[in-house]
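Numbering (our numbering), first residue to last: 4 to 567.
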């Protein structure tokens, strides 16, 4: 990085002494060299030719990107070297790519190309900010390049808004599909305003496909650039989802609406290894094996969001099969029996809901949760678990502490969108000054609260929890969370109030795949735990109390300016 920064500085310096340099060249990441480029100093721009293809190279503070117009496609390429005259002004190297995380063949995808054009045009325009007196030939090249991008953008838009699709599946089956009618008549007034607002060109993203036999096939494809696409198949009205798209044809030669061929994107949680002792099939509950294909699809990013959006603006009678299948599937998934297993994944500690039969033979067991022995040892060493002997306080005390919390002027109570970890830590430490035993209650799932300004959604939530001896002699865990309630609530009530799914108590850390199993997890830890385990890269930042308090206070100070 130091060499790259140095060379970039030299590049910008040399550009300040050269107006237009014709004897320039670039070398791309794959080693291909383009000669006879024109370099314009003030806008950090080069124009090159790759046969008949035009290539525009833009410099910035992080390096260079080449944008190539190849027929009807737009390709962005990394630049490894820039030469002005006889002087090498920029040079860097690229680390070999880990194929596990390579993307599909998106260079041939219209959706992918369309998504990149807007940002490319913006980058070109930004490179000209503050630049005066462009040479006529350079200005002409810039304008012509942008015009071609805008023309392609318009063509791509027409393709993405098509009402007919020809879909080729990985199995070899070819489907002819027609877009389902878009309708807003069944929506509430505020929803209509949202979906039909200025600039909105939303269409039903579900296409009904013609297919022989008992199976019903649908293609899911949005008309927005960079959109999600998938094929969904049902058998007797239930999800089967064992088919995948290979590509979707377009009317532009050499391009497809979507093309998934090539290396697949892998979910980081599927990067299993010997240390984790898990496999992909470990995550399928025994009762859900007939839904195994659908479960794997439904856990991918954007899937559930896309289905919810699709069934909102599509003609209700045409998408009834989706709603019926989803209700049946969700009910069975919510009630499926699973085990919790805490293990190592990607250099971090994670709890997963897994099939009970997949628990390794050698595992520790505590309060209903299985642990990889080394994972258990590490959690024990860092004091993550709640104490075995838990001191209690009275109902009067917990009400007094709640009132004390809402008067803490170092907490941003008016800002609820983020910062629960900081609020929880500051409250917990304040209560502990009185010698009170405090824990933290963690919720993981599809969470949220309704405020006067609208709904706020959370991925996880945390608040201080206390063991309270009630007047009837029972002991309950009570949560103090003024961002959710105007009084102390039991931990169960707290989790149910913010959850959109069924609540299930778990060990700590909570299972990260809670939403995938259609439930919200409720777990308890010591007050030394600051961030959830899925933020492993940040946990090392908060290993000391000094760093935890510093972050909590600075976060609240930042958020105190919001929400007033």
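For each residue, glycine too, the CB sits at the ideal point set by N, CA and C.
Cβ-Cβ distance between residue 545 and residue 534 below 8 angstroms: For the purposes of this step, residue 545 is taken as the residue at position 542 of the chain shown. For the purposes of this step, residue 534 is taken as the residue at position 531 of the chain shown. Cβ distance < 8 angstroms, so residue 545 and residue 534 count as in contact.
Exposed unless 16 or more other CB atoms sit within 10 angstroms - verdict on residue 189: Within the chain shown, the letter at position 186 stands for residue 189. Exposed, by the Cβ-count rule.
Supposed close pair residue 354, residue 523 - CB separation, criterion 8 angstroms: Residue numbering aside, residue 354 sits at position 351 when the chain shown is read from its first letter. Residue numbering aside, residue 523 sits at position 520 when the chain shown is read from its first letter. That belief does not hold up - the Cβ atoms of residue 354 and residue 523 are roughly 14 angstroms apart, past 8 angstroms.
Span separating the alpha-carbon of residue 242 from that of residue 322: Position 239 of the chain shown holds residue 242. Position 319 of the chain shown holds residue 322. If you take the alpha carbons of residue 242 and residue 322, they lie about 13 angstroms apart.
First and last residue of the uninterrupted alpha helix (DSSP H) at residue 424: As a position in the chain shown, residue 424 is number 421, starting the count at 1. Its alpha helix (DSSP H) spans residues 423-435.
Rounded C-alpha distance that separates residue 498 from residue 518: Against the chain shown, residue 498 aligns to sequence position 495. Against the chain shown, residue 518 aligns to sequence position 515. Near 14 angstroms, if we compare the C-alpha coordinates of residue 518 and residue 498.
Cβ contact check for the stretch 370-380 and the stretch 433-453: 3 or more pairs under 8 angstroms: no
Beta-carbon gap between residue 419 and residue 459 smaller than 8 angstroms: As a first step, residue 419 must be located in the chain shown, where it is residue number 416. As a first step, residue 459 must be located in the chain shown, where it is residue number 456. Yes. Within cutoff.
For residue 47 and residue 19, the rounded distance between their alpha carbons: Sequence index remark: in the chain shown, residue 19 carries index 16 (1-based). Sequence index remark: in the chain shown, residue 47 carries index 44 (1-based). For residue 19, the pLDDT reaches just 45, beneath the cut-off of 50, and the residue's location in the model is therefore unreliable, although a value from the coordinates is still provided. Between residue 19 and residue 47, the C-alpha separation is close to 9 angstroms.
Where residue 85 falls, given that 16 or more other Cβ within 10 Å makes a residue buried: Numbered from 1 along the chain shown, position 82 holds the residue referred to as residue 85. By the 10 Å Cβ count, residue 85 comes out buried.
Outcome for residue 64 when other beta-carbon atoms lying within 10 angstroms are tallied against a minimum of 16: Walking along the chain shown from the start, residue 64 turns up at place 61. It counts as exposed.
Three-state secondary structure assigned by DSSP to residue 47: Here residue 47 is taken as the residue at index 44 of the chain shown, counted from 1. Residue state, collapsed to three classes: coil.
Close-in-space but distant-in-sequence residues of the same chain around residue 513 (CB under 7 angstroms, 5 per side omitted): Taking the chain shown and counting its residues from 1, one reaches residue 513 at position 510. Answer for residue 513: 354, 445, 447, 524, 526, listed in chain order.
Length of the line joining the Cα atoms of residue 485 and residue 457: The residue given as residue 485 occupies position 482 in the chain shown. The residue given as residue 457 occupies position 454 in the chain shown. Approximately 17 angstroms, taken between the alpha carbons.
Neighbour-count burial assignment, residue 521, 16 or more Cβ in a 10 Å radius: For the purposes of this step, residue 521 is identified with residue 518 of the chain shown, where counting begins at 1. Residue 521 should be labelled buried.
Alpha-carbon to alpha-carbon, residue 411 and residue 478: Indexing the chain shown from 1 puts residue 478 at position 475. Indexing the chain shown from 1 puts residue 411 at position 408. Roughly 27 angstroms between the two C-alpha positions.
Neighbour-count burial assignment, residue 288, 16 or more Cβ in a 10 Å radius: As a working note, residue 288 is residue 285 in the chain shown. Residue 288 is buried by the Cβ-count criterion.
Secondary structure, beta strand (DSSP E): runs of 3+ residues fully inside the stretch 371-409: 372-374
Outcome for residue 532 when other beta-carbon atoms lying within 10 angstroms are tallied against a minimum of 16: To locate residue 532, count along the chain shown from 1; it is residue 529. Residue 532 should be labelled buried.
CB of residue 309 within 8 angstroms of CB of residue 223, strictly: In the chain shown, counting from the first residue as 1, residue 309 sits at position 306. In the chain shown, counting from the first residue as 1, residue 223 sits at position 220. For residue 309 and residue 223, yes; Cβs fall inside 8 angstroms.
Reduced DSSP category for residue 135 - H, G, I as helix; E, B as strand; rest coil: The count along the chain shown starts at 1 and reaches residue 135 at position 132. Three-state DSSP puts residue 135 in coil, outside helix and strand.
The stretch 170-190 in contact with the stretch 132-146 per 3-pair CB rule at 8 angstroms: no
Whether residue 335 touches residue 291 by CB criterion (8 angstroms): Residue 335 sits at position 332 when you count from the first residue of the chain shown. Residue 291 sits at position 288 when you count from the first residue of the chain shown. Going by C-beta atoms, residue 335 is nearer than 8 angstroms to residue 291.
Where residue 497 sits in the DSSP three-state scheme: One-based indexing of the chain shown puts residue 497 at position 494. It is helical.
Beta-carbon proximity of residue 185 to residue 316, cut-off 8 angstroms: For this step, residue 185 is matched to residue 182 along the chain shown. For this step, residue 316 is matched to residue 313 along the chain shown. The answer is yes: Cβ separation under 8 angstroms.
Delimiting residues of the alpha helix (DSSP H) encompassing residue 119: In the chain shown, counting from the first residue as 1, residue 119 sits at position 116. Its alpha helix (DSSP H) spans residues 113-130.
Inter-residue CB distance, residue 56 and residue 71 (contact presumed, cutoff 8 angstroms): As a position in the chain shown, residue 56 is number 53, starting the count at 1. As a position in the chain shown, residue 71 is number 68, starting the count at 1. Indeed, because the Cβ distance is near 6 angstroms, the residues count as touching under 8 angstroms.
Three-state class that DSSP yields for residue 420 in the structure shown: For the purposes of this step, residue 420 is taken as residue 417 along the chain shown, with counting starting at 1. Looking at residue 420 - three-state DSSP - the assignment turns out to be coil, as it is neither helix nor strand.
Straight-line Cα distance separating residue 561 from residue 369: Stepping through the chain shown from its first residue, residue 369 is reached at position 366. Stepping through the chain shown from its first residue, residue 561 is reached at position 558. Those two C-alpha atoms are separated by around 39 angstroms.
Cβ-Cβ distance between residue 37 and residue 81 below 8 angstroms: Translated into positions along the chain shown, residue 37 becomes position 34. Translated into positions along the chain shown, residue 81 becomes position 78. No, the Cβ-Cβ distance between residue 37 and residue 81 is not below 8 angstroms.
Chain-order list of residues whose beta-carbon lies under 6 angstroms from that of residue 296 (same chain, five-residue window excluded): Position 293 of the chain shown, counted from the start, is the residue given in the question as residue 296. Only 244, 245 meet the Cβ criterion.
Burial state of residue 111, where buried means 16 or more other Cβ atoms lie within 10 Å: As a working mapping, residue 111 is identified with position 108 in the chain shown. Label assigned to residue 111: buried.
8 angstroms Cβ cutoff met for residue 426 and residue 414: Looking up residue 426 in the chain shown gives position 423. Looking up residue 414 in the chain shown gives position 411. Taking 8 angstroms as the Cβ cut-off, residue 426 and residue 414 qualify as a contacting pair.
For residue 260, the three-state DSSP class (helix, strand or coil): Sequence index remark: in the chain shown, residue 260 carries index 257 (1-based). Note: residue 260 maps to strand in three-state DSSP.
Best match in 152, 263, 62, 205 for proximity to residue 94 [C-alpha to C-alpha]: Residue 94 sits at position 91 when you count from the first residue of the chain shown. Cα-wise, what sits closest to residue 94 is 62.
Option nearest residue 475 by Cα separation, candidates 145, 434, 397: The count along the chain shown starts at 1 and reaches residue 475 at position 472. Closest option to residue 475, Cα to Cα, is 397.
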